[in-house]
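Trainee: For the record, the sequence lines run as chains A and B. The first sequence begins at 1 in this note's numbering and counts up one residue at a time. The second sequence begins at 194 in this note's numbering and counts up one residue at a time. My questions all concern the structure below.
2 protein chains.
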Amino acid sequence: MYTQINNSISRYVSFTEEELNIFNSLLEHKKVPKKTIMLHEGEMCNFEAFVIKGCIRKYFIDANGFEVILQFGIENAWVSDISFSIYEDKPSQVFIETLEDCEFFMFSPESKEMLFERAPRFERAFRILMQRNLSVTQHRLFNTISKTAMEKYVEFLELYPTIPQRVAQHYIASYLGISAEFLSKVRAKMAKG
Amino acid sequence: MYTQINNSISRYVSFTEEELNIFNSLLEHKKVPKKTIMLHEGEMCNFEAFVIKGCIRKYFIDANGFEVILQFGIENAWVSDISFSIYEDKPSQVFIETLEDCEFFMFSPESKEMLFERAPRFERAFRILMQRNLSVTQHRLFNTISKTAMEKYVEFLELYPTIPQRVAQHYIASYLGISAEFLSKVRAKMAKG
DNA sequence: GGTGGGCATTGAACTAGGACAAGAAATGAT
DNA sequence: ATCATTTCTTGTCCTAGTTCAATGCCCACC
Chain A
1 MYTQINNSIS
11 RYVSFTEEEL
21 NIFNSLLEHK
31 KVPKKTIMLH
41 EGEMCNFEAF
51 VIKGCIRKYF
61 IDANGFEVIL
71 QFGIENAWVS
81 DISFSIYEDK
91 PSQVFIETLE
101 DCEFFMFSPE
111 SKEMLFERAP
121 RFERAFRILM
131 QRNLSVTQHR
141 LFNTISKTAM
151 EKYVEFLELY
161 PTIPQRVAQH
171 YIASYLGISA
181 EFLSKVRAKM
191 AKG
Chain B
194 MYTQINNSIS
204 RYVSFTEEEL
214 NIFNSLLEHK
224 KVPKKTIMLH
234 EGEMCNFEAF
244 VIKGCIRKYF
254 IDANGFEVIL
264 QFGIENAWVS
274 DISFSIYEDK
284 PSQVFIETLE
294 DCEFFMFSPE
304 SKEMLFERAP
314 RFERAFRILM
324 QRNLSVTQHR
334 LFNTISKTAM
344 EKYVEFLELY
354 PTIPQRVAQH
364 YIASYLGISA
374 EFLSKVRAKM
384 AKG
């Protein structure tokens with residue numbers, strides 16, 4: 001049951017059996033049906049979720065009511081809102097919603113603290129996780145600014161080949177920062193040659 | 194000499210005198226004249242720099258030769274390329290260049306490792322640093338996708354009021370993901386009312 | 001086995017912002 | 001001081017992508 005998450009967390013730091021036992025004992029297993037909003041804007045995010053199975057999206061809603069998808073999370077992804085009110089007075093505008101029936105391991109902030117106390121080397125694993133996450137986000141920012149819609153879509157297909165089969169196209173458009181209609185036109189153009 | 198960096202690193206985790214001494218002993222103080230490129234694309238970034246004084250920019254160059262600025266680093270900022278080849282075969286396209294005469298504390302990957310070994314609680318401080326960094330980058334991605342050029346510029350002025358006085362406007366345009374000419378037009382429009 | 005509500009596609013009209021060019025203003029080196 | 005280089009502005013034309021609206025599609029659901 002825990003092999004999947006243990007492999008994932010051990011990718012950049014190797015842990016002893018004992019450390020992994022502590023880790024596993026602090027996780028909460030949870031099933032969530034599809035189309036469930038797990039976090040609304042303005043709420044404090046009191047979990048960090050590891051996706052065992054399923055697919056979620058994390059998104060902002062902008063001033064005009066348009067959604068901007070920040071992340072698709074599929075198997076082995078960690079999903080959470082880590083913003084913890086940097087933009088102080090304004091509550092976080094992040095939503096997290098399941099797109100399929102999902103299975104998670106959930107981690108509360110308290111159990112995370114406890115983990116770091118009892119097995120400090122996890123701090124390292126989560127630092128590296130953050131670092132990779134940041135790197136991916138920076139790359140995506142770069143793409144968003146400097147590439148055309150078609151280039152972005154092509155790279156998306158390369159990086160996340162399984163996602164288009166799992167989520168609606170207008171979600172992908174929202175992730176790429178283009179309109180659903182225009183993505184459709186881009187695809188039509190690509191199909192022609 | 195070390196109070197500035199020690200205050201900065203102690204912002205989210207408090208350290209003992211001894212821990213800070215270890216930290217400080219591993220830092221290398223360095224002065225770099227303006228207009229120096231400290232990291233070229235394709236190189237491995239072998240430092241993490243804390244800006245004591247001065248201003249740098251970190252930027253990508255896209256396929257058409259256009260620069261996209263990822264970060265302005267001023268006093269108390271940490272600057273580095275943390276991408277460590279996630280997009281494996283392709284070398285990092287990141288440049289780091291001083292825009293003013295700068296003073297840094299530099300940190301090599303080796304001394305960072307040594308720090309984490311000798312004072313593991315720093316792992317936590319750097320994790321939180323990463324987390325904040327990620328949060329800021331996500332917010333910026335959201336802005337880039339969902340706001341107009343003028344909105345982006347206005348928010349930039351609010352968030353970084355001192356930077357426009359220190360760097361050329363076309364750099365700010367590049368940071369915002371708009372052309373230098375268009376930023377000029379936005380400013381003209383704002384001046385009118 | 002219809003039917004109703006999200007999805008995708010396509011087209012036409014529109015616009016935010018880009019590309020290019022040329023001049024003005026600031027900055028810096030000698 | 002002067003000349004050169006970089007930076008900023010302004011105008012014109014242009015295009016990638018948006019918005020809106022119409023149509024058909026594909027299911028899930030009773």
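Each residue gets a CB set at the ideal place from its N, CA and C atoms; glycine is no exception.
Go through the region 208-275 of chain B residue by residue and report every complete run of the alpha helix (DSSP H) that reaches 4 residues or more, in order.
Mentor: The qualifying runs are 210-218.
Trainee: Suppose the cutoff is 6 Å on Cβ atoms and the five residues either side in sequence are ignored; what does the same chain contact list for Y175(A) look like?
Mentor: Cβ neighbours of Y175(A) beyond the five flanking positions: I69.
Trainee: Opposite F104(A) in the DSSP bridges: which residues?
Mentor: K30(A) and V51(A).
Trainee: Can you tell me whether F66(A) is buried or exposed? The criterion is at least 16 other CB atoms within 10 Å of its CB, across all chains shown.
Mentor: Exposed, because fewer than 16 other Cβ atoms sit within 10 Å of the Cβ of F66(A).
Trainee: Ordered along the chain, which non-local residues of its own chain (more than five positions away) have a Cβ less than 8 Å from that of F182(A)?
Mentor: Here the set comprises A149 and A173.
Trainee: How about L220(B) and F300(B): are their beta carbons less than 8 Å apart?
Mentor: Yes; because the gap between Cβ atoms is below 8 Å, this pair is in contact.
Trainee: At a CB distance below 8 Å, what residues from the region 175-187 of chain A approach chain B? Give them in sequence order.
Mentor: Going along the region 175-187 of chain A in chain order, one finds G177 with a Cβ nearer than 8 Å to chain B.
Trainee: Classify T355(B) as helix, strand or coil using the three-state DSSP reduction.
Mentor: T355(B) falls in the coil class under three-state DSSP.
Trainee: Using the C-alpha atoms, what's the distance from V287(B) back to R314(B)?
Mentor: Distance between the alpha carbons of R314(B) and V287(B): 29 Å.
Trainee: Taking 8 Å as the threshold (beta carbon to beta carbon), is T16(A) in contact with chain B?
Mentor: Chain B, which has no Cβ nearer than 8 Å to the Cβ of T16(A), makes this no.
Trainee: Hey, out of H29(A), N64(A), E48(A) and V136(A), whose CA is closest to K340(B)'s CA?
Mentor: For the residues H29(A), N64(A), E48(A) and V136(A), the minimum Cα distance to K340(B) belongs to N64(A).
Trainee: When Cβ atoms are compared, which residues of the region 251-271 of chain B fall closer than 7 Å to chain A?
Mentor: Answer set for the region 251-271 of chain B: F253, D255, F259, V261 and L263.
Trainee: Specify whether the region 291-298 of chain B and the region 217-232 of chain B touch according to this definition: at least 3 beta carbon pairs, one from each stretch, less than 8 Å apart.
Mentor: Yes, they touch.
Trainee: Taking I338(B) as the query, report the chain A residues whose CB atoms sit under 7 Å from its CB, ordered along the chain.
Mentor: The contacting residues are V68, T144 and G177.
Trainee: Mind checking who F288(B) pairs with in its DSSP beta bridge?
Mentor: According to DSSP, which records beta bridges pairwise, F288(B) is partnered with Y252(B).
Trainee: Apart from the five residues just before and just after S201(B), which ones in its own chain have a Cβ nearer than 8 Å to its Cβ?
Mentor: The residues are F243 and N269.
Trainee: Any residues in the region 8-39 of chain A with a beta carbon nearer than 8 Å to a beta carbon of chain B? Which ones, in chain order?
Mentor: Taking 8 Å as the Cβ-Cβ cut-off against chain B, none of the residues of the region 8-39 of chain A qualify.
Trainee: Going along the region 290-302 of chain B in order, which residues come within less than 7 Å of chain A, judged by CB to CB distance?
Mentor: Flagged: no residues at all.
Trainee: Roughly how many angstroms lie between the CA atoms of L134(A) and C248(B), to the nearest whole one?
Mentor: Roughly 22 Å separates the two Cα atoms.
Trainee: What is the DSSP secondary structure of P120(A), reduced to helix, strand or coil?
Mentor: The answer is coil: DSSP assigns P120(A) none of H, G, I, E or B.
Trainee: Hey, how far is the Cα of F253(B) from the Cα of G235(B)?
Mentor: The straight-line gap from Cα to Cα measures roughly 11 Å.
Trainee: How big is the Cα-Cα spacing for Y160(A) and Q131(A)?
Mentor: Roughly 20 Å separates the two Cα atoms.
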